[in-house]
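What follows is a single structure, written as structure tokens, with notes after it.
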């Protein structure tokens, strides 16, 4: 009996399997949380100590200013300007751009911004002033601002100043962001450290916005930095002087009773009335934040060092500062200064690389527009506009201004912005085309307009905007549309010559960031027919388009531009006689060949800048064309009336001003040439909660099959889901609730599924060469992500002994891995999203249409002309239809065997049909020639275009027709976003904690893999449908991505 009791006792007190292990994991998490709490408390304590020190330093510095005899030389001018005397107001100011070597010896008064500051010792500071394109260096140093004799006495008492200055210039101190000064004597006296307040140019965005650069401080939020040179020196405070006496009503530093009205009285060449510049003034000046607007008096002098000034545009002159007053202060922490935005480094290929990424600059346009680069670009833009207007005015053109609110869609009704108009529907004009033609019908003969154009295209490219400035012209012709073509040709060449002559300085400034050669164009413009251009392409071995193509893709344009440059030595040429399929409905066909038109395109540096041609002027023919274009005559009644009342023969064209400037200056992105760019991403999206609700309603409106023949034999999940408990939700349901495009592959063979114990949240991975290659983001609520990720990585470490590498994760997951677990991150793939409601289409009536839209429309028409139709499956997928689709897939796969490719999923279209929407394409005989499957994802992720296949033998354009119809189906249901899935990025981007050496090695490996497998081919096709890229990340712990890790990743792909 006693032995039985002993065994029972042992059984009761023996832990169940895994309980000690669970306890250890909980204890580990508790320790980590406690350590994190202690660190946070230490951080808060240190922060409070720094704040106390900052307050003391401000008080000390304020007292030093109060006691400064030279306080009348510096300070603040009230916003009202009431302290400016008549003497000041009456004095002539010198524009900064007029200060040159010829100004040496002059005393000048000027307004400018502080571009940068740098101190050298306790008695000398340099300030670079900026106004428009000009930068000039100023010097503030003790002892200056008095008579010559006084200056000499002061100089003799400070013999080291000149040697310090010369040393600074000779060693390029002004250009070196890492230089530091060790002089501390004066700073000890006023308890201010000698830290160099010129901020280093940032290497990443964190340095731009997580805190103000040490130079760019605000009055209310000074930055601090501890000096390691001398522990007795207090923490540095870059405090804008305005903060010192924030509670005082006294303007300027004279808070001890000096009258503020004397701050600028008198500003004159006679400076004996005030004591010389003091050490406190030097310190005050060098603390002024970048971008502060100041009023400065000083004397222009020759630089004291051979070789001149290196830190400003003016090299052979600088300004000895006698007085400086703040006109307008910086009151918030700037994301960057103009000096930082202007700065350019050279990358590994010796190409210019902007220190502050341009995308980030666009988020803070008010600041980035201050750069010399931006000023130069918009001066060139203004010159282009003046030249165009001057040329057209001199050739008897009349400038007009047409209405931008239209009763009907200006052309075909596609890609227009709808506007609520007093209970009625109106549209923003896509172009002034109809208005121009109506003016010709009114016998105005020659008209032009420079004004806004609106295009509701979801085109996220370097050359497309939703709003841009159009330069449109139209003219009556006598014998040939070539009259208009030659007019446009001569206008463009006039613009080029004028800008090259008048804007030489601006062009040089732009080239510092955007290297380019002068645009080459002959006196006699090269004009080729479209047929000749295509032949030139084919002769060069071009095989990306068929020989019978009737329009040029962007890549074909660029290649043809290179061939024309090689053969004719010109960056500028014209293609004439485009096929009918590539032109708007109103274009006049060629009289001798109805398959081609009287139309032309003009190209600059391999890209089209203007489409033009002759228009139909017959009312009867116009009505016929409107009908074919599915445009209601009632919406064009005013337009048709002009034709019915007799319209003269006419021709014209339209230019995008920003695109012309972009190509002329070779900027690479049209947004550089746009004051405030408008594209599909310009305005904030609705709140996520609202988007989710809208998406759920939209997805519910999409049909799914009521039944799939043979589904009883299908196994939805082939992956290993061995941790799933009975209470856990099905993997398919989790994907539909929380999933992204990558997680739809987790049901395939080869994947393993980790489950969170309590709720059954899931993560999919593959076991490859000792690594857990994890795909996509966890299937769980956003709030649970941190705990789910930590539990999963702990499980991998302690249960499977696998090294984790995470692929295709979204930003939320990446942030937890990099910030929470201190992993590294790379960006090599993108989620390729598309808006079904804003896809690019052929508008059939614009001179400047999207080439992608035209190409898609052309393909769609080809398929439709062959009798291809698309059917949405709303009921049962019967056995014969299933077999026909499966046979087509088998033939498609057989054709693909010879090509190298990698993918992460298998083609199993009929599993999980309750979460899928199906479309099929049939040819004229009724046979299935392609299909598209839309997979329902988490509401915020929309739908995935899981597969869209054109079977062998299908008519050309079937793929484009299927996708176009799929977009229509989603748009009709109210779907706001869809995704093609993950696609390869153009290049590898190091995101977090990656050294340049590592990034270079990994980039080389990625480039070879991408080229070998043609990873960018799908991306190019998807971009035609307006796909926009949303970064996905590869994340891995330290030392987790060596060659073995790369091999594991490659092993995880399905070849």
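Residue numbers (the UniProt record's numbering): 1 to 1055.
Cβ atoms here follow ideal geometry from the backbone N, Cα and C, with glycine treated the same way.
Alpha-carbon spacing of residue i relative to residue j, whole angstroms
i            : j            : result
residue 286  : residue 386  : 42 angstroms
residue 1046 : residue 1033 : 15 angstroms
residue 281  : residue 125  : 10 angstroms
residue 678  : residue 775  : 35 angstroms
residue 289  : residue 129  : 12 angstroms
residue 534  : residue 303  : 60 angstroms
residue 607  : residue 801  : 54 angstroms
residue 520  : residue 570  : 5 angstroms
residue 911  : residue 712  : 10 angstroms
residue 722  : residue 958  : 42 angstroms
residue 669  : residue 484  : 29 angstroms
residue 736  : residue 763  : 14 angstroms
residue 581  : residue 493  : 29 angstroms
residue 1036 : residue 810  : 14 angstroms
residue 1115 : residue 372  : Given that the chain is displayed from residue 1 to residue 1055, the structure contains no residue 1115 and the question cannot be resolved.
residue 507  : residue 673  : 13 angstroms
residue 489  : residue 465  : 24 angstroms
Local conformation of residue i per DSSP, three classes
i            : result
residue 503  : coil
residue 579  : strand
residue 917  : strand
residue 1068 : Because residue 1068 is not part of the residues shown, which for the chain are 1 to 1055, the question remains open.
residue 683  : coil
residue 133  : coil
residue 144  : coil
residue 294  : strand
residue 892  : helix
residue 737  : helix
residue 678  : coil
residue 242  : With a pLDDT of only 38 at residue 242, under 50, the local geometry of the prediction cannot be trusted, and the value read off the model is given with reservation. Helix at residue 242.
residue 1028 : strand
residue 572  : strand
residue 821  : coil
residue 318  : strand
residue 35   : helix
Endpoints, the beta strand (DSSP E) within which residue i is located
i           : result
residue 776 : 771-779
residue 111 : 107-119
residue 761 : Where residue 761 is concerned, there is no enclosing beta strand (DSSP E), given that its DSSP letter is neither H nor E.
residue 830 : 824-834
residue 872 : 869-872
residue 332 : Element bounds for residue 332: n/a, residue is neither H nor E.
residue 604 : 599-604
Contact under 7 angstroms by Cβ, residue i with residue j
i           : j            : result
residue 602 : residue 574  : yes
residue 965 : residue 833  : no
residue 313 : residue 134  : yes
residue 861 : residue 1048 : no
residue 890 : residue 708  : no
residue 614 : residue 598  : yes
residue 729 : residue 750  : no
residue 70  : residue 278  : yes
residue 625 : residue 585  : yes
residue 724 : residue 755  : yes
residue 456 : residue 738  : no
residue 877 : residue 928  : no
Residue i - containing alpha helix (DSSP H), residue span
i            : result
residue 446  : From DSSP, residue 446 is part of no alpha helix (DSSP H) but of the beta strand (DSSP E) over 446-454.
residue 875  : No alpha helix (DSSP H) contains residue 875, which DSSP labels as neither H nor E.
residue 1062 : Residue 1062 is absent from the model: the chain starts at 1 and stops at 1055.
residue 427  : Element bounds for residue 427: not the alpha helix (DSSP H) but the beta strand (DSSP E), 424-428.
Completely contained alpha helix (DSSP H) runs for the stretch 924-966, where each covers 4 or more residues: none
Segments of 3+ residues assigned as beta strand (DSSP E) that fall wholly inside the stretch 339-393: 344-346, 352-354
In chain order, each beta strand (DSSP E) run of at least 3 residues that lies wholly inside the stretch 781-817: 803-809
Secondary structure, alpha helix (DSSP H): runs of 4+ residues fully inside the stretch 42-91: 86-90
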